[in-house]
Amino acid sequence: MKTATASWTRKHLLGLQELSAEEITMILDQAAEFQEMAARGEPKIDALSGTVVANLFFEPSTRTKMSFSLAAKRLSADTLDFTAAASSLSKGETFVDTARNIEAMGVDQVVVRHATSGAPLLLSKKLKASVINAGDGMHEHPTQALLDLFTIRQHRGSIAGLTVTLVGDILHSRVARSNIWALKKLGARVIVCGPSTLIPPHIEALGVEVSNSLDEVLSETDCINLLRIQFERQRSAFFPSIREYAHFFGMNGDRIRKAKKDVLILAPGPINRGVELTPDVADGNHSVILDQVTNGLLVRMAVLYLIHQRRQLSADEHPERSHQGTITGATT
Amino acid sequence: MKTATASWTRKHLLGLQELSAEEITMILDQAAEFQEMAARGEPKIDALSGTVVANLFFEPSTRTKMSFSLAAKRLSADTLDFTAAASSLSKGETFVDTARNIEAMGVDQVVVRHATSGAPLLLSKKLKASVINAGDGMHEHPTQALLDLFTIRQHRGSIAGLTVTLVGDILHSRVARSNIWALKKLGARVIVCGPSTLIPPHIEALGVEVSNSLDEVLSETDCINLLRIQFERQRSAFFPSIREYAHFFGMNGDRIRKAKKDVLILAPGPINRGVELTPDVADGNHSVILDQVTNGLLVRMAVLYLIHQRRQLSADEHPERSHQGTITGATT
Amino acid sequence: MKTATASWTRKHLLGLQELSAEEITMILDQAAEFQEMAARGEPKIDALSGTVVANLFFEPSTRTKMSFSLAAKRLSADTLDFTAAASSLSKGETFVDTARNIEAMGVDQVVVRHATSGAPLLLSKKLKASVINAGDGMHEHPTQALLDLFTIRQHRGSIAGLTVTLVGDILHSRVARSNIWALKKLGARVIVCGPSTLIPPHIEALGVEVSNSLDEVLSETDCINLLRIQFERQRSAFFPSIREYAHFFGMNGDRIRKAKKDVLILAPGPINRGVELTPDVADGNHSVILDQVTNGLLVRMAVLYLIHQRRQLSADEHPERSHQGTITGATT
Chain A
322 MKTATASWTR
332 KHLLGLQELS
342 AEEITMILDQ
352 AAEFQEMAAR
362 GEPKIDALSG
372 TVVANLFFEP
382 STRTKMSFSL
392 AAKRLSADTL
402 DFTAAASSLS
412 KGETFVDTAR
422 NIEAMGVDQV
432 VVRHATSGAP
442 LLLSKKLKAS
452 VINAGDGMHE
462 HPTQALLDLF
472 TIRQHRGSIA
482 GLTVTLVGDI
492 LHSRVARSNI
502 WALKKLGARV
512 IVCGPSTLIP
522 PHIEALGVEV
532 SNSLDEVLSE
542 TDCINLLRIQ
552 FERQRSAFFP
562 SIREYAHFFG
572 MNGDRIRKAK
582 KDVLILAPGP
592 INRGVELTPD
602 VADGNHSVIL
612 DQVTNGLLVR
622 MAVLYLIHQR
632 RQLSADEHPE
642 RSHQGTITGA
652 TT
Chain B
322 MKTATASWTR
332 KHLLGLQELS
342 AEEITMILDQ
352 AAEFQEMAAR
362 GEPKIDALSG
372 TVVANLFFEP
382 STRTKMSFSL
392 AAKRLSADTL
402 DFTAAASSLS
412 KGETFVDTAR
422 NIEAMGVDQV
432 VVRHATSGAP
442 LLLSKKLKAS
452 VINAGDGMHE
462 HPTQALLDLF
472 TIRQHRGSIA
482 GLTVTLVGDI
492 LHSRVARSNI
502 WALKKLGARV
512 IVCGPSTLIP
522 PHIEALGVEV
532 SNSLDEVLSE
542 TDCINLLRIQ
552 FERQRSAFFP
562 SIREYAHFFG
572 MNGDRIRKAK
582 KDVLILAPGP
592 INRGVELTPD
602 VADGNHSVIL
612 DQVTNGLLVR
622 MAVLYLIHQR
632 RQLSADEHPE
642 RSHQGTITGA
652 TT
Chain C
322 MKTATASWTR
332 KHLLGLQELS
342 AEEITMILDQ
352 AAEFQEMAAR
362 GEPKIDALSG
372 TVVANLFFEP
382 STRTKMSFSL
392 AAKRLSADTL
402 DFTAAASSLS
412 KGETFVDTAR
422 NIEAMGVDQV
432 VVRHATSGAP
442 LLLSKKLKAS
452 VINAGDGMHE
462 HPTQALLDLF
472 TIRQHRGSIA
482 GLTVTLVGDI
492 LHSRVARSNI
502 WALKKLGARV
512 IVCGPSTLIP
522 PHIEALGVEV
532 SNSLDEVLSE
542 TDCINLLRIQ
552 FERQRSAFFP
562 SIREYAHFFG
572 MNGDRIRKAK
582 KDVLILAPGP
592 INRGVELTPD
602 VADGNHSVIL
612 DQVTNGLLVR
622 MAVLYLIHQR
632 RQLSADEHPE
642 RSHQGTITGA
652 TT
């Protein structure tokens, strides 16, 4: 595993916007290595033994938290789980104090989800631990995009040259934002498609194309990523009805037949069957939705692993900075 | 451990109705082997290292979930815990999607509890993982019956020829149903005893005897299993009062004196002191209630272990079916 | 590690009142040994492998539970977490039954927090497992005081001869009580300081001095331990307002300047910034608040480790008492 880790230099994973194509590829390659090891019957390694990964979830989550937790265990880390009711950064001090206290228990990596964009960035400035963004407000959800890319690469060989269409609520979606950054860096053409109320103005500046008709772009698309409709948020304000949404933007058997023969259907889940896609599509040959879940474990292992390797190198160079060696008080 | 595992062939444990006497004995023997290993100071083995056991509990549970979770850890598996509010199978797709998503994280065995009878059977048809029933509606709770049998065998040497009386709410009890299947297969005489409103009609067809008087059957009984009265369900509809229930069907010092000298008192717990039994009985010489809890860990280890062994054999014969080797998409 | 463990003889840790100075020092020395091991890059040892530590929390807790859980994992124990809604000992049997049932799963050490003073003592009489008090009513919170002492010793070399002032709600504080016992035994001078409504009458009998003015004792104090104000309890009944409390008893920059040059600021947390102390003090050079959290892990590891060693010696001398060897039924 020397090759991949030799050049990973980041202490944190806050988003994909700041990563280079090479860095993104490094994570995907590391995930592929874990995939091969699992296939050889070596799903578990002891690389992170003796370290602690804390999951700090200030927003409800089931699967992302389970995925990170299992990824940490597969690497033999100990895990700490902290779940809080939604908490805004208007109580910023409390949020940072909570994180610092948990860090002080000897935590090496902090996985954080928060309703406020920028919360992981703030933590990264306040903690000695590494910070991994597990979704912050409408900003980014980098590991979700990484698993999307890994899944596409797994089925298509590479990303460059593909046309990927993100369908649905682009306006509020951190998944969309992380996907756009990463897909563009890796050379994909990206179309965002949804009702005009759910497309942010001037999004073309990110290098994407905009469409308000799924049928219009179907024949050009290699991969369709069906973002989740969040009923609690969108029902009334942004489009007339769920039924109308499903009619214009839901994937169904008809649209599959009009799409490219080898089109891939992705969805970050949990899916609303009958809304973003019909059951026959969800369970059909084009769907790679469960692959995404499987690959989520792999890319999260890769991120934890690469950051851990970088921390160790850094501790070797600057032993006085090593967590275990310094218990020096509450300095920032 | 070769002998026991050589002939275990089932991928799932859905109930005891479909098991042969030999299969039930195989589980009990394996549990006894784990008991001996613990007595030798080897409580932990690494048989399931690298595998993942998920606890999917769609009904509240404390002790069964803890017991399965600890059993998995004793075998060195990683564990994932998922707890959901009560959810009916009218939302069947959601239930299956939830399970499939968790399975896709690389889960080998799924322990499931659900308020709907048949939910584990449904999952077993939809997942590649093995499914273990931790209680489904009024259908079965196989590991509870297995720990009851293990405890009886531990104190009596064998099951055959004993008279076991199940007392209380037979109508709603999955514990009763699993006990009846297993006890009959292993050659016990089974009496079900309770108010007539709580005895299902035609239950004699299962090979059991019915009594509405505990005092009447006391002198013939070797083992009394006191089912839990669930106040929330039974208080009003099925019998006049808790006090009356305790008077007619509760075990107390008087009844112990009228019972066989070596009668065993079992209860699945959590017990209602003063209802199903008085404190002097719960804490007295005849009670094996805490043995049941200890043995619960052993039989659950045995079930997880035997199913794991069978999965490995099957993977060797059909390597392409191995979980780790196939990441092939969302096919059913 | 032979030296420290050779003479530890207690099966339980219920409070610091009953411990000798030598016993307290033994725990602190063991914690220091774990600190050195962590500094050498050996944060994890397998001393408790194969044993089970159960966290039974009958009162809400985040950080104490996480700290105990991680301490157990660092020692390679398996852990069981049980959290219940607040439950009074008026339901005493239920509380003991719950603990006994969890113990019966093969638990070696039970960490218990309960709103009723004396709950851990009661458990210690009912269980074969060792009981560690993680806070009971207004009685004691021994590991919190141990981590306070460890932190003071770390920064001052020893405890004897220091003046330690406990500030705030002495009346309701189990942290204050455990600190008083331990500090006096180790030779410190202890001042309790707060509004007269929050100082128990006759507390001088414990060997402490009483002050109702922080400013009065500031110049004589080496360590200030700022107890948490619990708004829900104290707001109305015991002092006029939070603002007034902060004015008279809060640590702020002014008071730091009037204090000894090397004064240490401790707080059990979670802190209320602007109440017990201002942010500049919380984050300043004198604060050792985050050290306390880090050290909490170490003293809890030490307690679990010493008690485990004692259990093993005892099992060697009396093998029939060993947990693994006896599955003998529900005797008390």
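If you read the sequences in order, they're chains A, B and C.
Here my numbering is used: the first residue of the first sequence is 322, the next is one more, and so on.
Here my numbering is used: the first residue of the second sequence is 322, the next is one more, and so on.
Here my numbering is used: the first residue of the third sequence is 322, the next is one more, and so on.
C-beta atoms are modelled at their ideal positions from N, C-alpha and C, and glycine is treated no differently.
Please read all numbers here as calculations on a predicted model, not as lab measurements.
(request) May I have the straight-line CA-CA distance separating ARG434/B from ALA567/C, to the nearest angstrom? (result) 51 Å
(message) Looking at ASP418/C: is its Cβ nearer than 8 Å to the Cβ of ILE592/B?
(response) yes
(message) Let me check one thing: in DSSP terms, what residues is PHE389/B bridge-paired to?
(response) Note: PHE389/B sits in no beta bridge, so no partner.
(message) For a test of the three-state rule: what should DSSP assign to ARG361/A, helix, strand or coil?
(response) coil
(request) On a CA-only basis, which of PHE569/A, ASP601/A, ASN376/A, HIS523/A is nearest GLY489/A? Give me that one, please. (result) PHE569/A
(request) Identify whether ASP350/A lies in helix, strand or coil by the three-state DSSP scheme. (result) helix
(message) Once DSSP output is grouped into helix, strand and coil, what is the label at GLU380/B?
(response) coil
(request) Give, in chain order, every residue of the region 569-600 of chain A whose Cβ lies closer than 8 Å to some Cβ of chain B. (result) GLY590, PRO591, ILE592, ARG594, PRO600
(message) Based on DSSP bridge pairs, tell me the residues matched to ASN454/C.
(response) VAL433/C
(request) Determine the contact status of ARG632/C and THR464/C, defining contact as a CB-CB distance below 8 Å. (result) no
(request) Just mark ALA481/A as buried or exposed, buried being the case when its beta carbon has 16 or more other beta carbons within 10 Å. (result) exposed
(request) Output yes or no for whether 8 Å exceeds the beta carbon distance between ILE628/C and SER608/C. (result) no
(request) Give the interface partners of ILE550/A over in chain C, defined as CB-CB distance under 8 Å, in chain order. (result) Simply none; closest approach about 34 Å.
(request) Could you check what DSSP says for THR372/A in three-state terms: helix, strand or coil? (result) coil
(request) Drop a sphere of 10 angstroms on the beta-carbon of ALA392/A, count the other beta-carbons inside from all chains shown, and report buried for 16 or more, exposed for fewer. (result) buried
(message) So that I know if they touch, is there some Cβ in chain B lying closer than 8 Å to that of THR383/A?
(response) yes
(request) Please state if the CB of GLY336/C and the CB of ASP499/C are separated by a distance shorter than 8 Å. (result) Note on residue identity: the sequence assigns Ser, not Asp, to residue 499/C. Closer than 8 Å, so yes.
(request) Report the neighbours of VAL373/A on chain C: residues whose CB is nearer than 7 Å to its CB, in chain order. (result) LEU391
(message) Considering Cα atoms alone, identify which of ALA436/B, HIS460/B, ARG395/B is closest to VAL428/C.
(response) ARG395/B
(message) Judging by CA-CA distance, which residue of HIS333/C, SER451/C, ALA342/C is the nearest neighbour of ALA509/C?
(response) ALA342/C
(request) Compile a chain-ordered list of the residues in the region 355-379 of chain A whose CB is closer than 9 Å to at least one CB of chain C. (result) SER370, GLY371, THR372, VAL373, ALA375
(request) Specify the secondary structure class of SER608/A as computed by DSSP and reduced to three states. (result) strand
(message) Quick check on the burial criterion: 16 or more other C-beta atoms within 10 angstroms. Buried or exposed for GLY590/A?
(response) buried
(message) By the three-class DSSP mapping on this structure, what secondary structure does VAL529/C have?
(response) coil
(message) Is the separation between the beta-carbon of ASP402/A and that of GLN613/A shorter than 8 Å?
(response) no
(request) Determine, using beta-carbon pairs with one atom in the region 574-585 of chain A and one in the region 539-549 of chain A, whether at least three such pairs fall under 8 Å. (result) yes
(request) Over the uninterrupted beta strand (DSSP E) stretch that includes VAL538/B, give me the two end residues. (result) First-last for VAL538/B: 535-538, but that is the alpha helix (DSSP H), not the beta strand (DSSP E).
(request) Just grab the DSSP bridge partners of VAL511/B for me. (result) VAL485/B
(message) Please classify ARG564/A as buried or exposed, where buried requires at least 16 neighbouring CB atoms within 10 angstroms.
(response) exposed
(message) Counting C-beta neighbours from all protein chains within 10 Å, is the total for SER479/C 16 or more, i.e. buried, or is it exposed?
(response) exposed
(request) Take every Cβ of the region 339-357 of chain C, pair it with every Cβ of the region 368-386 of chain C, and state whether three or more of those distances are shorter than 8 Å. (result) no
(message) Based on DSSP bridge pairs, tell me the residues matched to ILE366/B.
(response) Beta-bridge pairing links ILE366/B to no other residue.
(message) For a quick check, are the C-beta atoms of GLY458/B and ARG495/B less than 8 Å apart?
(response) yes
(message) For a test of the three-state rule: what should DSSP assign to ASP469/C, helix, strand or coil?
(response) helix
(request) Measure the beta-carbon distance from ALA425/C to PHE379/C and round it to whole angstroms, keeping in mind my assumption that it falls under 8 Å. (result) Not a contact, Cβ separation roughly 18 Å.
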